[in-house]
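Comments concern the structure below.
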Amino acid sequence: MKKILFPFDFSKASLNAFEYALHFAKAVDASIVTLHVYERNKSNYVDYYDQLNKNYTIGDWEQLETYKAIVPELNAITLSSGIGLREISHLLENGDPATVICNAAEREKVDFIIMGTVGAHGLAEVFLGSVTEKVINDAPCDVLAIPVAYQYAEPLNLLYLTEYEDFAYRKLSDILGFANLFKAHIDVLEIRSNDAPSYGQILDKWRKKFEGENVDFHVHIGLVADEVVTNFVDLAKTSMIVITAHRKSLLRRVFLYSLSQQLAFHTHVPVLALHEKKPHR
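Counting from 462, one number per residue, gives the positions in the sequence shown under our numbering.
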């Protein structure tokens with residue numbers, strides 16, 4: 462069974478992302494570890510079984526009261542989703558949000574981090590650009606960012622933003638495994654500032670390698686990357702954008718800088734940042 466780490470505060474965006482995490486967990490056969498970061502110098506771990514039952518053993522009573530207030534909402538979301546998960550656990554940590562998230566992901570050996578893109582009430586920085594960038598770059602697993610108003614739908618059309626090179630060549634094989642869970646189509650897109658005569662040959666190589674797979678390959682020449690991507694998402698009915706966190710320069714050029722507002726925080730589709738390194742099982 463796979464495992465998902467879900468950092469959350471008590472905002473509407475966070476609760477909405479929790480519903481997404483429930484559906485996603487069912488689709489990939491995963492358990493969920495929810496995470497809340499607080500400032501007090503205490504850390505406790507509590508397992509919740511039978512849909513987050515009320516048998517609490519948390520030592521920090523102020524944090525306990527906070528969790529008791531939110532558990533009915535989490536219960537309601539879980540029940541309304543109609544999804545029965547075998548395991549949901551709850552993690553409390555104190556410290557720097559991005560560091561705590563990455564350390565928890567390593568320690569818990571999770572396969573995905575799922576996080577909302579708007580937050581408040583003490584964990585707001587988790588959902589702002591600087592911390593999101595740190596989590597994407599430093600997490601030992603794939604990171605899935607969920608827009609505030611997004612309602613879960615199976616990711617049937619994936620847009621993989623990349624550059625046509627050996628690393629992306631290998632990574633697409635991994636993405637195909639993920640896409641096959643949903644019988645999803647993949648569009649591979651590179652955005653360039655200028656054309657190159659060899660690109661026809663490069664695309665032919667990719668098409669030959671992945672012949673028979675549900676994949677199309679594209680190159681777009683243009684300087685305004687955010688407009689290219691948002692227009693492509695609308696035209697192709699993209700349901701998830703995929704990027705490779707390994708390529709920090711590409712992230713900064715295409716995602717974290719020019720696309721941060723459009724993709725990370727205002728897009729109507731989730732963004733999945735892939736990592737080459739996976740937790741040891």
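Note that CB positions come from ideal geometry on N, CA and C, so glycine has one too. Since the structure is predicted, the reported quantities are computational estimates derived from the model, not experimental observations.
Take the alpha-carbon of V596 and the one of A565: they are about 11 Å apart. Looking only at P468, K464, S472 and L466, the smallest Cα-Cα distance to V609 is reached by S472.
Taking the Cα positions, G577 is about 8 Å away from N477.
The beta carbon of N655 is closer than 7 Å to those of I682 in its chain, skipping five residues each way along the sequence.
Assigned with DSSP and collapsed to three states, T705 falls in strand. Counted as a single uninterrupted DSSP element, the beta strand (DSSP E) harbouring F573 occupies residues F573 to G577. DSSP lists S492 as the beta-bridge partner residues of K464. One alpha carbon belongs to L620, the other to I607, and they sit about 15 Å apart. Membership of I647 in any alpha helix (DSSP H) is not indicated; the residue belongs instead to the beta strand (DSSP E) covering H646 to R653. The C-beta distance from V498 to V561 rounds to 5 Å, short enough to meet the 8 Å contact threshold. Under DSSP, V732 forms a beta bridge with A606 and I702. H679 is not a Cβ neighbour of D635, given a cutoff of 8 Å.
The beta carbon of L664 lies closer than 6 Å to those of F678 in the same chain, with the five residues before and after it left out. In the structure shown, the three-state DSSP call for F485 is helix. In the DSSP assignment, V676 forms a beta bridge with I647. Taking the Cα of T539 as reference, the smallest distance to any Cα among H729, I493, P601 and A734 is reached at I493.
Put simply, the backbone Cα of G543 is about 42 Å away from that of K669.
Annotated three-state conformation of Y613 is coil, per DSSP. Counting of Cβ neighbours within 10 angstroms places P533 among the exposed residues, the total staying below 16.
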